[in-house]
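Protein chains in written order, with the working numbering: chain Z, 1 to 363; chain G, 364 to 573.
Ideal placement from N, C-alpha and C gives every residue a C-beta, glycine not left out.
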């Protein structure tokens, strides 16, 4: 009997392991400021695995800036075309800086696992947003890319200005030292894998209330106080903060950085807590999120801190902390550097000081 | 003496099979009756002749065939007997591999069905609950434990970002790169930052709860 069944089992396994073709679609609007030159999905495939399809997208898109402005950053949305389980993701390039007519490439490496359905699986790549050097924006903004990319650009302008100023006032050697210090901080920064579940706790242990220490940034338009979260075992959930708008402009959104320190003494930025609020000048309010943060390693939480990472005013303009505000020793060791600082420090690390100076002189 | 002994009694007398009282009476009569004595001698002569002919067996008897035929007849007889009284069957010998093979088959069947049908999140939840039962880890406060609630999950780690939702999974990574930063947002997203070692180009990948 086994001799008869064995070839059938082998054939079934061979069939299931064989790849199917992947249908893909790249959706760029007709008036898009970027044009598609080529798309290579050559290494993509679909594997039937049990009752699921495993879709591996290995794509490289070659694009051209067809607008008249410099593109600072771009976000592409990637999702299963039928909208079924498998979710949506994005690939963004915050340090792009593509001049009009310039070509650039974006790589996409995505793994989608979803239940088997009839028909060929398909993946769609859509343009979600393009941010220009004058902070103007193009795109459907499904993922709120405009807000995120504007923060990246403001941080980039802040950091480039800081490094250029350092070069002009203290010279190349000081710039080199600053870059080495930045690389050292990046290498020394503690990290931990984290998961986030929307809704109530997933832990079966009883929880206890834990208070946040507020790291006040005096220039911040929002004052943060009375931060609380419930902690149980390896999880922290339901963060809640009292906020007050101490600026003279109405605020509609803010982002709070959530720092966690374990009993081993290492502190790291675990999550961000966004809040959509409508706060007039001097008005107070509250930010609450019914979400659970879970760490991928056992962690005995010793303390938790929070700081205001960004604020969006009612007119759409944004505030980000200045370099001097981030120079507080406590924040400097923990807050992640901007994408632009990582971009510049990597140029220094790989190509040297002169390449960095040339990069800073570009804009 | 005018009444003769019956021929059947004479035949039985000749073979010695007549009962004792009738044998005495028959012997008394035969000694005085010539006719019956003659008939008795005839029976005795025939009997001796038959015994002699039975002692001489034919020379061409097939003993093997005869044996097979007799054996077959015995089996036929036994089978016919079982129709009336069923014969008790011999119990099969117990061997260790039979239950092991059966259990392995059941495990493979259940495991396959589970893998095909039960979402991974459910499996993880059950595993956590079982672990909690066996290790005895419980809350130390009197407050009732929060109930397990399934929901979409996003995660960020050195392996990239991952979304688990509705039995599906999405993972985004970058070829050959180690992330330099990863974080989650309580509004339902996870992001990872990658830096190209040669160009310094930064790529940020993210997944979002629907």
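Is there at least one Cβ from chain G nearer than 9 Å to residue i's Cβ?
{"i": "residue 347 (chain Z)", "result": "yes"}
{"i": "residue 95 (chain Z)", "result": "yes"}
{"i": "residue 159 (chain Z)", "result": "no"}
{"i": "residue 186 (chain Z)", "result": "yes"}
{"i": "residue 143 (chain Z)", "result": "yes"}
{"i": "residue 179 (chain Z)", "result": "no"}
{"i": "residue 44 (chain Z)", "result": "no"}
{"i": "residue 24 (chain Z)", "result": "no"}
{"i": "residue 354 (chain Z)", "result": "no"}
{"i": "residue 196 (chain Z)", "result": "yes"}
{"i": "residue 17 (chain Z)", "result": "The pLDDT assigned to residue 17 (chain Z) is 42, lower than 50, so where the model puts this residue is not dependable, and the model offers no usable value."}
{"i": "residue 213 (chain Z)", "result": "no"}
{"i": "residue 258 (chain Z)", "result": "yes"}
{"i": "residue 217 (chain Z)", "result": "no"}
For residue i versus residue j, is the C-beta distance shorter than 9 Å?
{"i": "residue 107 (chain Z)", "j": "residue 59 (chain Z)", "result": "yes"}
{"i": "residue 237 (chain Z)", "j": "residue 221 (chain Z)", "result": "no"}
{"i": "residue 273 (chain Z)", "j": "residue 253 (chain Z)", "result": "no"}
{"i": "residue 526 (chain G)", "j": "residue 518 (chain G)", "result": "yes"}
{"i": "residue 568 (chain G)", "j": "residue 90 (chain Z)", "result": "yes"}
{"i": "residue 74 (chain Z)", "j": "residue 34 (chain Z)", "result": "yes"}
{"i": "residue 399 (chain G)", "j": "residue 373 (chain G)", "result": "yes"}
{"i": "residue 212 (chain Z)", "j": "residue 305 (chain Z)", "result": "yes"}
{"i": "residue 103 (chain Z)", "j": "residue 37 (chain Z)", "result": "yes"}
{"i": "residue 255 (chain Z)", "j": "residue 275 (chain Z)", "result": "yes"}
{"i": "residue 219 (chain Z)", "j": "residue 140 (chain Z)", "result": "no"}
Give the DSSP-derived three-state secondary structure of residue i in the structure shown.
{"i": "residue 558 (chain G)", "result": "strand"}
{"i": "residue 101 (chain Z)", "result": "coil"}
{"i": "residue 226 (chain Z)", "result": "strand"}
{"i": "residue 235 (chain Z)", "result": "strand"}
{"i": "residue 149 (chain Z)", "result": "helix"}
{"i": "residue 473 (chain G)", "result": "helix"}
{"i": "residue 384 (chain G)", "result": "helix"}
{"i": "residue 188 (chain Z)", "result": "helix"}
{"i": "residue 317 (chain Z)", "result": "coil"}
{"i": "residue 24 (chain Z)", "result": "strand"}
{"i": "residue 529 (chain G)", "result": "coil"}
{"i": "residue 515 (chain G)", "result": "coil"}
{"i": "residue 404 (chain G)", "result": "helix"}
{"i": "residue 563 (chain G)", "result": "coil"}
{"i": "residue 351 (chain Z)", "result": "helix"}
{"i": "residue 33 (chain Z)", "result": "coil"}
{"i": "residue 197 (chain Z)", "result": "strand"}
{"i": "residue 73 (chain Z)", "result": "strand"}
{"i": "residue 363 (chain Z)", "result": "coil"}
Hey, does residue i have any beta-carbon neighbour from chain Z nearer than 9 Å?
{"i": "residue 486 (chain G)", "result": "no"}
{"i": "residue 567 (chain G)", "result": "yes"}
{"i": "residue 559 (chain G)", "result": "yes"}
{"i": "residue 468 (chain G)", "result": "no"}
{"i": "residue 526 (chain G)", "result": "yes"}
{"i": "residue 461 (chain G)", "result": "no"}
{"i": "residue 536 (chain G)", "result": "yes"}
{"i": "residue 519 (chain G)", "result": "yes"}
{"i": "residue 471 (chain G)", "result": "no"}
{"i": "residue 553 (chain G)", "result": "yes"}
{"i": "residue 522 (chain G)", "result": "yes"}
{"i": "residue 549 (chain G)", "result": "yes"}
{"i": "residue 507 (chain G)", "result": "Legend: pLDDT at residue 507 (chain G) = 36, less than 50; position of this residue unreliable, no value from coordinates given."}
Can you have a look at residue i and say buried or exposed, based on whether 16 or more other CB atoms are within 10 angstroms of its CB?
{"i": "residue 65 (chain Z)", "result": "buried"}
{"i": "residue 553 (chain G)", "result": "buried"}
{"i": "residue 413 (chain G)", "result": "exposed"}
{"i": "residue 417 (chain G)", "result": "exposed"}
{"i": "residue 392 (chain G)", "result": "buried"}
{"i": "residue 207 (chain Z)", "result": "buried"}
{"i": "residue 319 (chain Z)", "result": "buried"}
{"i": "residue 314 (chain Z)", "result": "exposed"}
{"i": "residue 146 (chain Z)", "result": "buried"}
{"i": "residue 3 (chain Z)", "result": "Low per-residue confidence applies at residue 3 (chain Z): pLDDT is 48, beneath 50, and the placement is therefore not dependable, though the value from the model is reported in the following sentence. Under this definition residue 3 (chain Z) is an exposed residue."}
{"i": "residue 336 (chain G)", "result": "No information on residue 336 (chain G) is available, as it lies outside the stretch 364 to 573 that chain G covers here."}
Taking the alpha-carbon of residue i as reference, which of the options has the nearest alpha-carbon?
{"i": "residue 125 (chain Z)", "options": "Z:24, Z:265, Z:113 and Z:296", "result": "Z:24"}
{"i": "residue 264 (chain Z)", "options": "Z:192, Z:97, Z:22 and Z:317", "result": "Z:192"}
{"i": "residue 379 (chain G)", "options": "G:397, G:403, G:394 and G:543", "result": "G:403"}
{"i": "residue 43 (chain Z)", "options": "Z:216, Z:28, Z:36 and Z:57", "result": "Z:57"}
{"i": "residue 100 (chain Z)", "options": "Z:123, Z:63 and Z:79", "result": "Z:63"}
{"i": "residue 298 (chain Z)", "options": "Z:355, Z:283 and Z:235", "result": "Z:235"}
{"i": "residue 524 (chain G)", "options": "G:426, G:471, G:377 and G:557", "result": "G:557"}
{"i": "residue 280 (chain Z)", "options": "Z:311, Z:27, Z:133 and Z:250", "result": "Z:250"}
{"i": "residue 154 (chain Z)", "options": "Z:261, Z:131 and Z:175", "result": "Z:131"}
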